[in-house]
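Undergrad: Provided herewith is a single structure, encoded as structure tokens, for subsequent inquiry.
2 protein chains.
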Amino acid sequence: MQPENCSENSQLYRFLAENGMINVGAYGFPAAMQTLCNPSPTSYNSSDYHFESSVITDMTPQDRALAALKNHKEAEKRRRERINSHLDKLRGLLLCNSKTDKATLLAKVVQRVRELKQQTSELSGLETFPSETDEVTVLSGEYSSDGQLIFKASLCCEDRLDLMPDLNEILKSLHLKTLKAEMVTLGGRIRNVLIIAADKDHSVESVHFLQNALKSLLERSNSSEKSKRRRILDRKLIIQ
Amino acid sequence: MQPENCSENSQLYRFLAENGMINVGAYGFPAAMQTLCNPSPTSYNSSDYHFESSVITDMTPQDRALAALKNHKEAEKRRRERINSHLDKLRGLLLCNSKTDKATLLAKVVQRVRELKQQTSELSGLETFPSETDEVTVLSGEYSSDGQLIFKASLCCEDRLDLMPDLNEILKSLHLKTLKAEMVTLGGRIRNVLIIAADKDHSVESVHFLQNALKSLLERSNSSEKSKRRRILDRKLIIQ
DNA sequence: GCCAACACGTGAACC
DNA sequence: TGGTTCACGTGTTGG
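Line order of the protein sequences matches chains A and B. Oh and the first sequence: position 232 is 232 in my numbering, straight run, nothing missing. Position in the second sequence (first residue = 1) + 1000 = my numbering.
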């Protein structure tokens, strides 16, 4: 039996120690793993538990490796807890029994998100005429077969001459293509519904940028027009 | 060094084998783990690789344990894949980069589900007057501090004398308490909005039962009233 | 005893 | 390097 590298022996050492096959120090592992890297042919037992490296410094490379392992172990535990806490929140949100298993839960989440997207799409998609309330709606579609992301954006606000130029500027700067545009004006207000395509390489960012850009466009529009309007009822921002 | 049980030694054997410290058969592990349970004091190496148990039967207890381990390993892999595939679907649904880590993804999912619930609640909650379309809407709230589940249910259909008794019967049979009830009638139609509390012990089931009960109530209502109505435009069922 | 689901600790990969 | 994330195989528990 000739060990090939130190890693294997540190594993072996740990294995033996954890299973009580050799005695270990208070913490669990001594700083003697180094000695195992060039092991003497004697058997591993507690009588070999003497080493010279530990007298040189308090923090031998072995101790440091050990501390790293401990860190790693704890970090991993925190990671698991973080994930599980989110899963628990989802259980609450979906009214799932706390003992619903993870896979089933996630399947339900997928289904629910699809339903909700569908519902908001239907509920908010019915509007074609401008409303009294200012609205920015970005309904994210999914990726088309050719890798483009197709989605729908709706903007409802006061009509003004430079709205379309502003809108075009935004779309151009984000490298978004307008596949289709509907606009309806009524009583000084306008509703703009755009079908937009984004190249796959910067699609996600573009969607978020567009949301923010439209939102700020709407705010700009509001602040400049506020004096003219008798009332701004509300502001809706729908992000699907 | 006296091993305490067989499990430890099978672990040890596996450890040694996996790290090439002893030779193993074609599959990976020989059927010799039993011999390790009462080990001879000699060292573990390939020269000890002879055993009598395997000649008795093809399926020794060791082989069966081995097969079970293999099963277990593969089942666990399938489970991981199942979970991860759902996570990937969620990544697609949320337009997340494929390298968004699990915890962050799940945090976004939680946030998104909350947003979507909020939006559908707002979008569908605006209606107070009865619509032309028959509707059952159950908007699930979350658990209150005292463990009760509070949620909102809305029902819109033809008005009829025995609607309220039917409704009360349903709620009573499901042990649901009505905290608040709004009802608006207009042109022979009625909209009923109920705030309902369910005890925690059978809350989830009750919500689903209620959904089904209201749905069938609506269908019953329709079939008996169909002749009187000139048109039933549509039927909406919203479940949040 | 089997099966399914979980938490755990660890090695590997990526910054 | 250290920090962080992932997949993996395993021990364990409940049905």
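Positions of the beta carbon are idealized from the N, C-alpha and C atoms, including for glycine. As the structure is a computational prediction, the values presented were derived from the model and not from experiment.
Could you work out which residues of chain B lie near A:His86, taking near to mean beta carbons separated by less than 8 Å?
TA: Residues of chain B passing the Cβ test: Ala1103, Leu1106, Ala1107, Val1109 and Val1110.
Undergrad: Helix, strand or coil, according to DSSP, for A:Thr104 in the structure here?
TA: Three-state result, A:Thr104: helix.
Undergrad: Touch check for the region 87–105 of chain A and the region 1102–1113 of chain B: three-plus C-beta pairs under 8 Å?
TA: Output reads yes: the region 1102–1113 of chain B touches the region 87–105 of chain A.
Undergrad: If you run the structure through DSSP and keep just helix, strand and coil, what is B:Asn1192?
TA: Three-state DSSP puts B:Asn1192 in a strand.
Undergrad: Using the DSSP secondary-structure output, state which residues sit across from B:Ser1154 in a beta bridge.
TA: Paired residue(s): B:Thr1137 and B:Val1193.
Undergrad: Given this structure, state the Cα-to-Cα distance separating A:Glu115 from B:Ser1173, to the nearest angstrom.
TA: Distance between the alpha carbons of A:Glu115 and B:Ser1173 is about 29 Å.
Undergrad: Between the alpha carbons of A:Met183 and A:Arg191, how many angstroms are there, rounded?
TA: Rounded to the nearest angstrom, the two C-alpha atoms are 5 Å apart.
Undergrad: Could you check whether the Cβ of A:Val113 sits closer than 9 Å to any Cβ belonging to chain B?
TA: A:Val113 counts as touching chain B.
Undergrad: Against chain A, which members of the region 1149–1161 of chain B pass a CB distance test of less than 8 Å?
TA: Answer in chain order: Leu1149.
Undergrad: Taking 9 Å as the CB-CB limit, is B:Arg1220 close to chain A?
TA: With 9 Å as the cut-off, B:Arg1220 does not count as an interface residue toward chain A.
Undergrad: Please compile the residues from chain A whose C-beta is within a distance smaller than 7 Å of the C-beta of B:Lys1077.
TA: None at all; the shortest Cβ gap to chain A is about 13 Å.
Undergrad: Excluding the five sequence neighbours on either side, which residues of its own chain have a C-beta within less than 8 Å of the C-beta of B:Lys1099, listed in chain order?
TA: Cβ neighbours of B:Lys1099 beyond the five flanking positions: none.
Undergrad: For B:Val1207, return the contacting residues in chain A, with the cut-off set at a CB-CB distance below 7 Å.
TA: In chain order: Leu95.
Undergrad: List the residues of chain B whose Cβ lies closer than 7 Å to the Cβ of A:Arg191, in chain order.
TA: Residues of chain B passing the Cβ test: none, with the nearest at roughly 16 Å.
Undergrad: Would you mind stating whether A:Leu218 and A:Val136 have Cβ atoms separated by less than 9 Å?
TA: It is a contact, given that the beta carbons lie within the stated cut-off.
Undergrad: List the residues of chain B that A:Arg91 touches, going by C-beta distances under 8 Å, in chain order.
TA: Simply none; closest approach about 10 Å.
Undergrad: May I have the straight-line CA-CA distance separating A:Gly187 from B:Ala1181, to the nearest angstrom?
TA: If I take the Cα positions, the gap works out to 37 Å.
Undergrad: For B:Leu1214, tell me which candidate among B:Ala1065, B:Met1164 and B:Ala1068 has the shortest Cα-Cα distance.
TA: With distances taken between Cα atoms, B:Leu1214 lies closest to B:Met1164.
Undergrad: So with Cβ pairs under 9 Å, would you call A:Ile83 a contact of chain B?
TA: Yes, A:Ile83 lies at the interface with chain B (some Cβ there is under 9 Å from its Cβ).
Undergrad: For A:Asp101 and B:Asp1159, what's the separation of their Cα atoms in angstroms?
TA: Going by the C-alpha atoms only, they are around 43 Å apart.
Undergrad: Answer with buried or exposed for A:Thr133, where buried requires no fewer than 16 other C-beta atoms within 10 angstroms of its C-beta.
TA: Classification of A:Thr133: exposed, given that the 10 Å Cβ count is below 16.
Undergrad: Hey, could you find the ends of the beta strand (DSSP E) B:Met1183 is sitting in?
TA: That run of the beta strand (DSSP E) goes Leu1176 to Leu1186.
Undergrad: Of the choices B:Lys1073, B:Val1207, B:Ser1154 and B:Arg1189, whose alpha-carbon is the least far from that of B:Leu1161?
TA: B:Leu1161 has its Cα closest to that of B:Arg1189, out of B:Lys1073, B:Val1207, B:Ser1154 and B:Arg1189.
Undergrad: Give every residue of the same chain whose Cβ lies closer than 7 Å to the Cβ of A:Val55, excluding the five residues on either side of it in the sequence, and list them in chain order.
TA: In this prediction, A:Val55 scores a pLDDT of 47, lower than 50, which makes its location untrustworthy; the coordinate-derived value is nonetheless stated afterwards. If we look at A:Val55 and ignore the five residues flanking it on each side, it has no Cβ neighbours.
Undergrad: Spatial neighbours of A:Thr104 within its chain, please: CB distance less than 6 Å, with the 5 preceding and 5 following residues excluded, ordered by chain position.
TA: The answer is none, since no qualifying residue turns up.
Undergrad: Measuring straight from C-alpha to C-alpha, what distance separates B:Leu1149 and A:Lys89?
TA: For B:Leu1149 and A:Lys89, the distance between alpha carbons rounds to 15 Å.
Undergrad: Specify, as a first and last residue, the run of the alpha helix (DSSP H) that B:Met1164 falls within.
TA: Taken as a continuous stretch (DSSP letters only), the alpha helix (DSSP H) holding B:Met1164 covers Leu1163 to Ser1173.
Undergrad: What is the rounded straight-line gap between the Cα of B:Ala1198 and the Cα of B:Arg1220?
TA: Each residue's Cα considered, the two are about 25 Å apart.
Undergrad: From the DSSP output, in three-state form, read off A:Arg220 for me.
TA: If DSSP states are grouped into helix, strand and coil, A:Arg220 belongs with the helices.
Undergrad: Return yes when the Cβ of B:Leu1194 is within less than 9 Å of the Cβ of B:Ser1131, no when it is not.
TA: No, they are not a contact pair.
Undergrad: Just checking my contact of B:Phe1151 with B:Val1207 at CB under 8 Å: how many whole Å lie between their CB atoms?
TA: That belief holds up - the Cβ atoms of B:Phe1151 and B:Val1207 are roughly 7 Å apart, short of 8 Å.
Undergrad: Comparing the C-beta of A:Leu116 with each C-beta of chain B, is any distance below 9 Å?
TA: At least one chain B Cβ lies under 9 Å of A:Leu116.
Undergrad: So, using beta-carbon positions, are B:Thr1120 and A:Thr178 closer together than 9 Å?
TA: Taking 9 Å as the Cβ cut-off, B:Thr1120 and A:Thr178 do not qualify as a contacting pair.
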